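Take any residue in the sequence shown, note its place counting from 1, add 1, and you have its number in this note's numbering.
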Amino acid sequence: MSNCVIVGINWGDEGKGRMVDLLTERYDLVVRYQGGGNAGHTVINDKGKFALHLLPSGVFRPGVMNVLGNGVALDPENLMKEIADVRAKGVEISPENFRISDRASLLLPWHRELDALEEARLADRQYGSTKQGIAPFYSDKYQKKTVLAGELFYPEELREHLSELLMWKNLTLTKVYGAEAYTMEMLDQWLADYCEKIRPFVCDTGTLLREAQKSGKSILFEAQLGALRDLDFGIYPYTTSSNTLAAYVPIGSGLPSAKIDEVIGVVKAYSTCVGEGPFVCEMFGEEAEKLREAGAEYGAKTGRARRVGPIDLVATRYGVEVQGATEIALTKLDVLSYMDRIPVCTKYRIGGKETDCFPFPTELEKAEPVIEYMDGWKCDISGVREFSELPKAAQDYVEMIEKAVGCPISYVSVGAERESIICICSKPR
Ligand code: GDP
Ligand code: MG
Numbered sequence: 002m003s004n005c006v007i008v009g010i011n012w013g014d015e016g017k018g019r020m021v022d023l024l025t026e027r028y029d030l031v032v033r034y035q036g037g038g039n040a041g042h043t044v045i046n047d048k049g050k051f052a053l054h055l056l057p058s059g060v061f062r063p064g065v066m067n068v069l070g071n072g073v074a075l076d077p078e079n080l081m082k083e084i085a086d087v088r089a090k091g092v093e094i095s096p097e098n099f100r101i102s103d104r105a106s107l108l109l110p111w112h113r114e115l116d117a118l119e120e121a122r123l124a125d126r127q128y129g130s131t132k133q134g135i136a137p138f139y140s141d142k143y144q145k146k147t148v149l150a151g152e153l154f155y156p157e158e159l160r161e162h163l164s165e166l167l168m169w170k171n172l173t174l175t176k177v178y179g180a181e182a183y184t185m186e187m188l189d190q191w192l193a194d195y196c197e198k199i200r201p202f203v204c205d206t207g208t209l210l211r212e213a214q215k216s217g218k219s220i221l222f223e224a225q226l227g228a229l230r231d232l233d234f235g236i237y238p239y240t241t242s243s244n245t246l247a248a249y250v251p252i253g254s255g256l257p258s259a260k261i262d263e264v265i266g267v268v269k270a271y272s273t274c275v276g277e278g279p280f281v282c283e284m285f286g287e288e289a290e291k292l293r294e295a296g297a298e299y300g301a302k303t304g305r306a307r308r309v310g311p312i313d314l315v316a317t318r319y320g321v322e323v324q325g326a327t328e329i330a331l332t333k334l335d336v337l338s339y340m341d342r343i344p345v346c347t348k349y350r351i352g353g354k355e356t357d358c359f360p361f362p363t364e365l366e367k368a369e370p371v372i373e374y375m376d377g378w379k380c381d382i383s384g385v386r387e388f389s390e391l392p393k394a395a396q397d398y399v400e401m402i403e404k405a406v407g408c409p410i411s412y413v414s415v416g417a418e419r420e421s422i423i424c425i426c427s428k429p430r
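Spelled out as structure tokens, the structure:
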């Protein structure tokens, strides 16, 4: 029995979904512990191509139980739409393979609207929200102004609770933002259309996980976004509103006593970032356009063009440290195959001084990248399955990253499909 968490080391979209899909083979349960429908985890396997938002990426494996923990932002409307999409492609979703924690808070209909209203108020100072209501949701959760999924089993009390919240939230909607008020009829409709449908999946997943742990089952925890978007340790305020770090697993999954044996940090072979905020290694112009095209860097949730740059060793080393990564999965190495020489951000220059420490957010705004180059390999590596068969320049690139960030690289992916992976667990170091 061993537990593992798959986390992002950078700004998100590192390829966590494909790693979870690959590794679920070895686990009995897959648990999402934070974040919400703003995620986009792309999985390509024998069932097709999927962009998962809230569903754990273990739903494709028969016999795996998938759980949404109490730490997630549970949007019943988006979840039901996602379940319908996945079912339409022949993937079974039932309480046999999918459960929702009764302690997960519900993202209420006004959260998405408040997200959009606040971004509109900020105008050109926006945070670059995906407008899925995540920030208003987590603010309300910590203010204790939302409802728990388990309340769906107590309809009378739930309606009373919702009408209380409705009165409170309408003050903000109408008096702060000048928006329309919500009505109880609207909430009744939402309850009937979506909440009724998620109810069969809701249960005491804490007991389920504790029993799984006692009976020696293995659990894989799946993160959303990456270390640099962690609310407490990321590039605040351009973070997300939850903790993306492995350290949050025991709380957000609903298994406070969880012992995590392995932390697999997913690192992309270059950098991408969606939304606003300092992104020191950012490339622009034609160079950026080429990399964006080569990596198909458009958001799975929003379709937005992702900002791109070379691998950032300063940020990646920090990400590895705060995640406590025990090993790394390096993804999308194949994307760099077109480059004559490969740029690498090795340090930051701040106020004329070079540093390899990831700075405080205010300093980050002033940082410039120090770029060095490595040789490219200029050939198709997507069919390679053994580390030793990679061109020497590609091996050197992988080993350089491993050394720079101080963590062993156990997987290198060279294509988006499940099997496009090199396992180098036994690589001599
Ligand atoms: P996540 O949010 O961390 O799960 O990552 P996303 O799914 O949002 O973004 C990763 C993207 O890269 C997806 O479109 C994947 O299909 C794709 N991808 C993952 N691994 C590889 C790889 O090794 N090579 C290529 N070319 N694409 C990959
Ligand atoms: Mg993503």
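Ideal Cβ placement from N, Cα and C applies to all residues, glycine included.
Since the model is a prediction, treat every value here as computed from it, not as a measurement.
From residue i to residue j, what distance separates their C-alpha atoms?
i: G320; j: D189; result: 43 angstroms
i: P279; j: G64; result: 42 angstroms
i: P409; j: E403; result: 6 angstroms
i: A297; j: L107; result: 33 angstroms
i: I7; j: A224; result: 6 angstroms
i: N71; j: S140; result: 15 angstroms
i: K145; j: L118; result: 21 angstroms
i: K260; j: E186; result: 45 angstroms
i: G134; j: R126; result: 18 angstroms
i: H54; j: H42; result: 6 angstroms
i: R113; j: E328; result: 36 angstroms
i: G304; j: T273; result: 14 angstroms
i: R27; j: E418; result: 18 angstroms
i: R62; j: E387; result: 25 angstroms
i: D29; j: G217; result: 10 angstroms
i: P392; j: Y374; result: 17 angstroms
i: I343; j: Q396; result: 13 angstroms
i: R211; j: F222; result: 14 angstroms
i: G276; j: S219; result: 35 angstroms
i: M184; j: K50; result: Reading off the sequence, residue 184 comes out as Thr, not Met. Going from the Cα of T184 to the Cα of K50 covers about 39 angstroms.
With a threshold of 7 angstroms (Cβ to nearest heavy atom), would residue i be considered close to the ligand MG?
i: H162; result: no
i: H54; result: no
i: A316; result: no
i: G296; result: no
i: G37; result: no
i: D231; result: no
i: H42; result: yes
i: D22; result: no
i: D189; result: no
i: G13; result: yes
Just to confirm, does residue i get its C-beta within under 7 angstroms of one of the non-hydrogen atoms of the ligand GDP?
i: I410; result: no
i: R19; result: yes
i: G9; result: yes
i: I199; result: no
i: S414; result: yes
i: A74; result: no
i: A417; result: yes
i: C243; result: The sequence given here has Ser at residue 243, not Cys. S243: no, Cβ never under 7 angstroms from the ligand GDP.
i: G49; result: no
i: G70; result: no
i: T327; result: no
i: S254; result: no
i: V268; result: no
Could you give the first and the last residue of the continuous beta strand (DSSP E) run that contains residue i?
i: G310; result: 308-310
i: L30; result: 30-33
i: A52; result: 49-53
i: K354; result: 354-356
i: T43; result: 42-46
i: A326; result: Per DSSP, A326 belongs to no beta strand (DSSP E) and is neither H nor E.
i: G9; result: 5-9
i: V68; result: 66-69
i: V413; result: 410-414
Following the continuous alpha helix (DSSP H) through residue i, name the residue where it begins and the one where it ends.
i: G227; result: From DSSP, G227 is part of no alpha helix (DSSP H) but of the beta strand (DSSP E) over 220-227.
i: M340; result: Per DSSP, M340 belongs to no alpha helix (DSSP H) and is neither H nor E.
Can you check the region 368-392 for any beta strand (DSSP E) of at least 3 residues that lies completely inside it and give the ranges in chain order? Segments of the beta strand (DSSP E) lying fully in the region 368-392: 369-376.
Just list the beta strand (DSSP E) runs in the region 88-156, keeping only unbroken ones of 3 residues or longer that don't cross its boundaries, in chain order. Correct list: 99-102.
Quick one: which unbroken alpha helix (DSSP H) runs of 4-plus residues sit fully inside the region 232-302? Chain order, please. If we require 4 residues or more, the alpha helix (DSSP H) runs fully inside the region 232-302 come out as 250-254, 286-295.
Where in the region 159-224 do unbroken runs of the alpha helix (DSSP H), each at least 4 residues long, occur, reported from the N-terminal end onward? Listed in chain order, the complete alpha helix (DSSP H) runs (minimum 4 residues) inside the region 159-224 are 185-191, 206-215.
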